Amino acid sequence: LTDDNFATIVKAVEYGRALYDNLSKYIRFQMTALVAFIVSYLGAAFFVIAGGVPFAPMVVLWVNFLVQVPIAIALGYDDPSPGLMERKPRPLKQPVLTRNQWIRLAFIGVLMAIGTLVLEAAYEPEGAMIANTMGFVVFSLFNIVIGLSSRSETDTVFNREIISDRRQLGLFGLALLLTVLPTELGFLQNRMELTSLAGDYKWLTCIAFAIVLLLVIEAMKFVLRRMRSRSDAPAAPVAPATSASNA
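Taking the numbering used here, the leading residue of the sequence shown gets 143, the next gets one more, and so forth.
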């Protein structure tokens, strides 16, 4: 506005859209995790899993303030999404999360809760600490999965070139490291009521659950891509009516 340069206005609009887009990514991630937390506690209480308390207090704090923080930073400082400036302007009264977005994130949150409670219930016969550790690990891995998926509503996780982005790779790697440390370091195990999962395929089980969640989200994105491509496709031209003389 001050230098009479239209290119400056374009850059300002692009910067504003990128900020809003990254904020939307973070909100989708955080709301999905919140739904998963709430449903996990409700499900544990209703089905009497893990004594009605799926996570120890220190585990909740660890996930919220340590595992989720690098994921939130990764989303907040993510590169602008492809095609950001080609999007239509957002209506002024449109909420940050639409009704359909709420339905999708609630569905994913419920799946996270179900996966967590199923593992805890399955490993309860082996002891409360093992069950709690399985719940913590799979829930943390779920957070990493939804963090990666929140980078785009429709684009697959595998085409955003995360491997070539060292900052993103480092932040999500840090979240994974913060998932492993409490299960292997003795002083953290004692404070968080966790134990080691080394051996007996327990880690592979948690990873398998996380992969299943990722595949479900990818399937949802595929459907969304198909729906949007159809809605954005140009209408077929209408053939001219045949004149009566040519009949």
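Note that beta-carbon positions come from the ideal geometry of N, C-alpha and C, so glycine has one too. Keep in mind that this is a model prediction, so the values were computed, not measured.
(Q) According to DSSP, simplified to helix, strand and coil, what is V152? (A) In the sequence shown, counting from the first residue as 1, residue 152 sits at position 10. It is helical.
Q: Please state whether DSSP places G218 in a helix, a strand or coil.
A: In the sequence shown, the residue the question calls residue 218 occupies position 76. Correct three-state label for G218: helix.
(Q) Going by C-alpha to C-alpha distance, which of L327, A160, L355, L234 sits closest to I288? (A) Translated into positions along the sequence shown, residue 288 becomes position 146. Out of L327, A160, L355, L234, L355 has the C-alpha closest to the C-alpha of I288.
Q | For K167, three-class secondary structure by DSSP | A | The count along the sequence shown starts at 1 and reaches residue 167 at position 25. In the structure shown, K167 sits in a helix (DSSP, three-state: H, G or I).
Q. In three-state DSSP terms, what is Q92?
A. An answer regarding residue 92 cannot be provided, because it is not within the stretch 143 to 389 covered by the chain.
Q) How about A264 and V177: are their beta carbons less than 7 Å apart? A) Mapped onto the sequence shown, residue 264 falls at position 122. Mapped onto the sequence shown, residue 177 falls at position 35. Going by C-beta atoms, A264 is not nearer than 7 Å to V177.
**Q.** Where I180 falls, given that 16 or more other Cβ within 10 Å makes a residue buried
**A.** Start at 1 with the first residue of the sequence shown, and residue 180 comes out as number 38. Classification for I180: exposed.
Q | S291 in three-state terms, based on DSSP | A | What you label residue 291 is simply residue 149 of the sequence shown in a count that begins at 1. Helix at S291.
Q | Neighbourhood of V152 by C-beta distance below 7 Å, restricted to the same chain and skipping five residues each side | A | Here residue 152 refers to the residue found at position 10 when the sequence shown is read from its first residue. Contacts found: none.
Q. In angstroms, rounded to a whole number, what distance separates the CA positions of T325 and L339?
A. Working through the sequence shown from its first residue, we reach residue 325 at position 183. Working through the sequence shown from its first residue, we reach residue 339 at position 197. In a straight line, the C-alpha of T325 is about 7 Å away from that of L339.
Q) Per DSSP, what kind of secondary structure is I256 in: helix, strand or coil? A) Residue 256 sits at position 114 when you count from the first residue of the sequence shown. Reduced to three states, the DSSP call for I256 is helix.
Q.
Please classify R229 as buried or exposed, where buried requires at least 16 neighbouring CB atoms within 10 angstroms.
A. For the purposes of this step, residue 229 is taken as residue 87 along the sequence shown, with counting starting at 1. By the 10 Å Cβ count, R229 comes out exposed.
Q | Between the CA atoms of G225 and A409 - distance to the nearest angstrom | A | Past the edges of the chain, shown from 143 to 389, lies residue 409, and the structure says nothing about it.
Q: Taking M254 and F278 to be in contact with their CB atoms under 8 Å, please state how far apart those CB atoms are, rounded to whole angstroms.
A: Here residue 254 is taken as the residue at index 112 of the sequence shown, counted from 1. Here residue 278 is taken as the residue at index 136 of the sequence shown, counted from 1. Rounded, the Cβ-Cβ distance is 13 Å, inconsistent with contact.
Q: Figure out for me which residue from A273, E295, I359 has the closest Cα to the Cα of C348.
A: In the sequence shown, the residue the question calls residue 348 occupies position 206. The option with the nearest alpha carbon to C348 is A273.
Q | Cβ neighbour criterion (16 or more within 10 Å) applied to S371 | A | Here residue 371 corresponds to residue number 229 of the sequence shown, with the count starting at 1. Classification of S371: exposed, given that the 10 Å Cβ count is below 16.
Q: State the DSSP-derived secondary structure class of Y162, mapped to helix, strand or coil.
A: Counting from one through the sequence shown, the residue named residue 162 turns up at place 20. In the structure shown, Y162 sits in a helix (DSSP, three-state: H, G or I).
Q) Under a three-way DSSP split, which group does P224 fall into? A) As a first step, residue 224 is located in the sequence shown; it is residue number 82 there, counting from the start. Here P224 sits in coil by DSSP.
Q) Buried or exposed: where does I359 fall if 16 or more other Cβ atoms within 10 Å of its Cβ makes it buried? A) The residue given as residue 359 occupies position 217 in the sequence shown. When all chains shown are included, I359 counts as buried.
Q: Pull up the distance between the alpha-carbon of L327 and that of R333, whole angstroms please.
A: Residue 327 sits at position 185 when you count from the first residue of the sequence shown. Residue 333 sits at position 191 when you count from the first residue of the sequence shown. If you take the alpha carbons of L327 and R333, they lie about 10 Å apart.
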